[in-house]
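Scroll down for the structure; my scribbles are underneath it.
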Amino acid sequence: MWSWHGKRYLGAAHGVAGILQIILSCPLDVLNPYISDVLNTIEWLVDCQDEEGNWPAKAPRHSQISGDESNELVQWCHGATGIVILLSTLLKMSSKKRQVFHAHTHLLNKAIASIHKGASLVYRHGFLRKGVGLCHGVGGSIYALLSVSDALALLQGDSDHRHNSKYYFQRAVHLAHLATSYEKLTENGKMGVPDRPGSLYEGVAGMCCAWGEIAHRIAGINAEGEHPAHTNTQSVPVASGFPGYDDLYEQSSEEM
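In terms of this note's numbering, the sequence shown opens at residue 3 and continues consecutively.
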């Protein structure tokens with residue numbers, strides 16, 4: 003278990019979720035010898051999710067989280083926002099590398115249920131008062147919902163997945179629209195000013211990336227209400243992800 007400043011963090015910025023995310027971005031021939039350990043760790047992480055759909059910032063002392071523990075951070079750096087991106091990446095991989103994941107159906111089903119709980123929480127609590135950045139702001143919430151939407155669109159055999167894909171995309175659009183009022187909210191003291199207000203991970207630069215991604219996807223929606231990212235057969239990705247995080251995973255059906 004990775005330790006940072008003596009604490010075993012779980013989240014995307016400083017913890018095991020971020021490490022697993024980058025490992026899953028490796029070429030399959032590099033990942034193959036370690037796939038069992040990686041999937042076992044992901045399953046352990048899923049089991050750390052609480053009833054509300056969130057995760058603690060630090061690893062629990064026991065496999066089950068006590069009911070009186072407060073997991074209040076719903077951000078990319080700590081909490082559900084970053085972890086649902088990891089689980090969405092797992093589902094994307096499983097849809098394109100079926101020969102690798104055919105023996106892990108139980109984990110994939112657990113991941114789907116976990117994603118729904120986590121994504122619902124991200125939408126409810128994702129309009130954060132800390133600003134519009136990626137790390138602990140609204141931009142990160144938007145990218146988490148987009149990642150979930152992309153992953154569910156790739157799953158086969160259940161029409162509910164495609165319906166839910168559109169549902170989470172609409173929620174991402176809603177948060178992006180609300181974020182256009184960030185300047186007024188900041189002036190009124192309802193939203194904080196980050197330490198680096200113009201930066202990518204803390205400030206408005208990250209939100210600009212999220213707005214651009216939302217606008218790109220809306221412009222590409224076809225008559226059936228689907229984005230080409232979900233049906234693309236070309237080698238060039240037509241959608242992107244969280245900058246420097248899950249955008250490393252190519253969103254196409256071509257083998258890496």
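All residues carry an ideal CB built from backbone N, CA and C; glycine is no exception.
The structure presented is a predicted model; accordingly, all values stated were derived computationally and were not measured.
Does the separation of the CB atoms of residue i and residue j fall below 7 Å?
i	j	result
Glu208	Leu136	As written in the sequence, residue 208 is Gly, which differs from the Glu given in the question. It is a contact, given that the beta carbons lie within the stated cut-off.
Arg198	Glu204	yes
Gly84	Ala19	yes
Asp40	Ile25	Checking the sequence shown, residue 40 turns out to be Val, not Asp. Yes, the Cβ-Cβ distance between Val40 and Ile25 is below 7 Å.
Gly194	Arg131	yes
Leaving out five residues before and five after residue i in sequence, what residues of the same chain have Cβ atoms less than 6 Å from its Cβ?
i	result
Leu250	Ser27
Gln259	Outside the shown range of the chain, which is 3 to 258, sits residue 259, and nothing can be said about it.
Phe103	Ser96
Asn166	Leu154
Gly17	Tyr11
Count the other CB atoms, across all protein chains shown, that sit within 10 Å of the CB of residue i; report buried if there are 16 or more and exposed otherwise.
i	result
Ser38	exposed
Ser237	Any reading at Ser237 is ruled out, since the residue's pLDDT is 40, under 50, leaving its predicted position unreliable.
Arg173	buried
His106	buried
Gln101	exposed
Tyr36	exposed
Gly13	buried
Gly191	exposed
Here's a check: name, in chain order, each residue in its chain whose Cβ is nearer than 8 Å to the Cβ of residue i, leaving out the five neighbours to either side.
i	result
Ile44	Leu22, Leu88, Leu89, Leu92, Leu109 and Ala113
Leu177	Tyr125, Gly128, Phe129, Val140, Ser143, Ile144 and Leu147
Gln158	Ser97
Quick test of your reading: residue i and residue j, contact by CB under 8 Å. State the CB separation rounded to the nearest angstrom.
i	j	result
Cys79	His7	Rounded, the Cβ-Cβ distance is 14 Å, inconsistent with contact.
Val86	Gly120	4 Å
Ser149	Gly243	6 Å
Pro245	Cys211	5 Å
Who are the near neighbours of residue i in its chain, counting only those whose CB is closer than 7 Å to its CB and skipping five residues on each side?
i	result
Lys9	Lys60
Ala82	Gly55, Asn56, Trp57, Val76, Gly120, Leu123 and Val124
Leu213	Note that residue 213 is Trp in the sequence shown, not Leu. Hits under 7 Å: Ala178.
Query raised in the report: Counting only runs that start and end within the segment 167–223, where is the alpha helix (DSSP H) found for 4 or more residues in a row?
Result: 184–189 and 206–222
Report task. Entirely within the segment 108–138 and at least 4 residues each: give me those alpha helix (DSSP H) ranges in chain order. Result -> Segments of the alpha helix (DSSP H) lying fully in the segment 108–138: there are none.
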